[in-house]
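One point on numbering: in our numbering, the residue at position 134 of the sequence shown is 706, and numbering is uninterrupted. Here a beta-carbon is modelled for each residue, glycine too, at the ideal position from N, C-alpha and C. Note that the coordinates shown come from a computational prediction; the quantities given were computed from them, not determined experimentally.
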Amino acid sequence: MEKVKRYLVFLVGLFVNSLGVSLITRADLGTSPISSIPYVLSLNFSFTLGEFTIAFSLLLIVLQLLILRKNFKPEHWLQIPISVAFGYFIDLTTAMLGDFRLTSYPAQFAFLLFGCVVLGVGVYLEVLPNVAMLPGESFVRAVCTTWKREFGASKIAFDVSMTVLAAVLSAVLAGVREGTVVAALLVGFIARQLNKRLRDLPSRLFAAAPVHS
């Protein structure tokens, strides 16, 4: 029962995470760093943001397999169904928002900030049960484990790298704007603040030890 509860919280976090991505994207000022490359590709090719997110996530899983080799554990394969669910959640929440478009820059920026808050909450809920990670975070963890790097700094470097790569693609195609930079700065900050202020929440929600760390 404890394990089921943890995975239910994780799935809720995954859905809120995808809603945050969709809200930020709908502001039309860019998207979150981890979604920036799939977003640029989705604007210029026939596949959806969710479908490109799944493909990009599978690439990150393959890279983890190459980095970790024999240290690639069975639970890492859980990232495949998680990636598929996350991609379809993005497409679902995008469809839920309908076809409306914001016409003024202040409204777009306010919508972007709201999306960052939602995404920050989603990231917090995703990490809270400590059962699994999305491929982006898991890739950073693989790098840290293999080359003894600090996770926080490595995550920032990863997000910056994704933004830069997306910007290069965007120079040729289209897609990266100031919203991507705002999301890169705000989302992690919001998730960290929630973790600090709600430090006792995991012990209140979950009685048993984490499924894995």
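**Prompt:** Out of Ala739, Leu635 and Tyr579, which has the shortest C-alpha to C-alpha gap to Gly708?
**Reply:** In the sequence shown, the residue the question calls residue 708 occupies position 136. The residue with the shortest Cα to Cα distance from Gly708 is Leu635.
**Inter-residue Cα distance where the pair is Val689 and Leu758** = Against the sequence shown, residue 689 aligns to sequence position 117. Against the sequence shown, residue 758 aligns to sequence position 186. When rounded, the distance between both Cα atoms is 8 Å.
**Asked** Asp663: which of Gly724, Ser614, Thr717 and Ile728 sits nearest, CA to CA?
**Response** Looking up residue 663 in the sequence shown gives position 91. With distances taken between Cα atoms, Asp663 lies closest to Ser614.
**Asked** Cβ of Val740 less than 9 Å from any chain C Cβ?
**Response** Looking at the structure shown, chain C is missing, and only one protein chain is on hand.
**Message:** Relative to the C-alpha of Leu674, which candidate in Val656, Val712, Arg598 and Val699 has its C-alpha closest?
**Reply:** The residue labelled residue 674 in the question sits at position 102 within the sequence shown. Leu674 has its Cα closest to that of Arg598, out of Val656, Val712, Arg598 and Val699.
**Request:** Please list, in chain order, all residues of the same chain as Leu669 whose beta carbon is under 8 Å from its beta carbon, the five residues on each side excluded.
**Result:** Looking up residue 669 in the sequence shown gives position 97. So the list reads Ser594, Leu595 and Arg598, once near-sequence residues are dropped.
**Prompt:** Taking C-beta to C-beta, are Ile639 and Ala738 nearer than 9 Å?
**Reply:** What you label residue 639 is simply residue 67 of the sequence shown in a count that begins at 1. What you label residue 738 is simply residue 166 of the sequence shown in a count that begins at 1. No; because the gap between Cβ atoms is not below 9 Å, this pair is not in contact.
**Asked** What do you reckon, are the CB atoms on Leu586 and Glu698 nearer than 9 Å?
**Response** As a working mapping, residue 586 is identified with position 14 in the sequence shown. As a working mapping, residue 698 is identified with position 126 in the sequence shown. Closer than 9 Å, so yes.
**Asked** Leu650 to Met705, Cα distance in whole Å?
**Response** Indexing the sequence shown from 1 puts residue 650 at position 78. Indexing the sequence shown from 1 puts residue 705 at position 133. Each residue's Cα considered, the two are about 9 Å apart.
**Asked** According to the neighbour-count rule (16 or more other Cβ atoms, all chains shown, within 10 Å of its Cβ), is Phe658 buried or exposed?
**Response** Indexing the sequence shown from 1 puts residue 658 at position 86. Burial call: buried.
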